Each structure stands twice: as C-alpha cells, then as structure tokens.
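In this note's numbering, the protein residues as written are 68 to 263.
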C-alpha cells in the first residue's frame, strides 16, 4: 500500500518525525516524481489482512486527512492473477462494479468531508480508464493513468481519495473479492452476493 502525500506545508522535520512514528513498522518513505512536493509512504511487502490488522494505519490515515492530499492506492502482486485473461477479467469487472450506482453508493459509505459537504463531493471518486489502453500493459509493463504494471506488481488507483480506515478496509476487501472472481468460474450472481 502507498499513501501519496502532496502537502504544501510539508517540511523535512515533519518527514523525519513521521519516519520515527513508523520506525518499528513495515514502511519506508520515498520522494515521488509525480508529486510537486511531499513523498509517498510505502507499506511493503504486506498481505491484505496484514494491512487491515496494522494498528497504526487508522491513526495515520486520520492524520494525513488534514493535509493537502491523502491519495491511497494498492499494489497487487502479478502472481495474484492466474494469467493475462484473469487480469483482463479483473479490469472489466472492476470497472463495472465501481461505476455501478448501486455499488458506488455502498463504497462511498456516505462519508463526507466537512469541506466538501457544500459540493456533495465524496471521498470515493472512481477513476476512469480506457480498458484497451491498459490491456497490452500486461505483456509490456508500463504506466497508464490509474494502473502501473511492473514485472512484479499491478499498482491500482481505483479511487482518487481514501481517507478513513473504514473506507480502506472496504477498498481492500473489494479487491480481494474481485481478484477471486477473476481467477474463478463464479457467476455474476455469486459476485453480487459476495459484494453485498
């Protein structure tokens, strides 16, 4: 898991202080070229359940929610997918699920930031991508908008902002359900029941 931190108030003292906070945790800091300022906090390597069980994550998400950006995204091992076809099935299904009003309402959890109540902007804002543009990236690893495919992982940035522990848990559990569906012969009905 990575947390992009693009904060105009961020300085080196704060970064050092946060490094101390994570001193005993499986995390490290990197300066990200995609950010004008700030850095990424990277939790690696961790399985989904380990992330959910980390006691520091809720506190950290609450802290970064007061900054300019708390973009959270997940890295999935390529080995999580049976083959390229399973990966493409995962992409197609994910796009359907996160843009379907029924599931989008469920995912958004009706959690609103006070700053955004007036505009009705939700924390969960699904990112759109062109399926054809990312399909070939499995063979030739490359970055395209929401997805960055390497030789080892698939970096998923389905939502622009995930700021609470409840939302993060929903996010991770959804990914687990979708990966299982992509690698199996489950029906759409079984997928719907799993998400519900």
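Just so you know, even glycine gets a beta-carbon here, dropped at the ideal spot from N, CA and C. All of these numbers come straight from a predicted model, not from anything done at the bench.
By how many angstroms is the C-alpha of residue j removed from the C-alpha of residue i?
| i | j | result |
| --- | --- | --- |
| residue 157 | residue 251 | 11 Å |
| residue 159 | residue 198 | 7 Å |
| residue 237 | residue 262 | 10 Å |
| residue 244 | residue 214 | 19 Å |
| residue 200 | residue 161 | 15 Å |
| residue 241 | residue 209 | 24 Å |
For the candidate residues the options, whose alpha-carbon lies nearest to that of residue i?
| i | options | result |
| --- | --- | --- |
| residue 148 | 220, 165, 256 and 167 | 220 |
| residue 154 | 166, 167 and 203 | 203 |
| residue 207 | 256, 151, 244 and 167 | 151 |
| residue 146 | 257, 256, 222 and 241 | 222 |
| residue 116 | 141, 143, 239 and 249 | 239 |
Classify residue i: buried if its beta carbon has 16 or more other beta carbons within 10 angstroms, exposed otherwise.
| i | result |
| --- | --- |
| residue 183 | Low confidence applies here, because residue 183 scores a pLDDT of 44, under 50, leaving its location unreliable; read the following figure in that light. Exposed: under 16 other Cβ atoms inside 10 Å. |
| residue 254 | exposed |
| residue 120 | exposed |
| residue 163 | exposed |
| residue 217 | exposed |
| residue 234 | buried |
| residue 259 | exposed |
| residue 166 | exposed |
| residue 137 | In this predicted model, residue 137 has a pLDDT of only 45, less than 50, meaning its place in the structure is not dependable; the value taken from the coordinates is given anyway. Classification for residue 137: buried. |
Tell me the DSSP bridge mates of residue i?
| i | result |
| --- | --- |
| residue 251 | DSSP output for residue 251 lists no bridge partner at all. |
| residue 142 | 222 |
From which residue to which residue does the beta strand (DSSP E) around residue i run?
| i | result |
| --- | --- |
| residue 220 | 220–223 |
What residue does the alpha helix (DSSP H) around residue i start on, and which one ends it?
| i | result |
| --- | --- |
| residue 157 | 151–166 |
| residue 202 | 198–202 |
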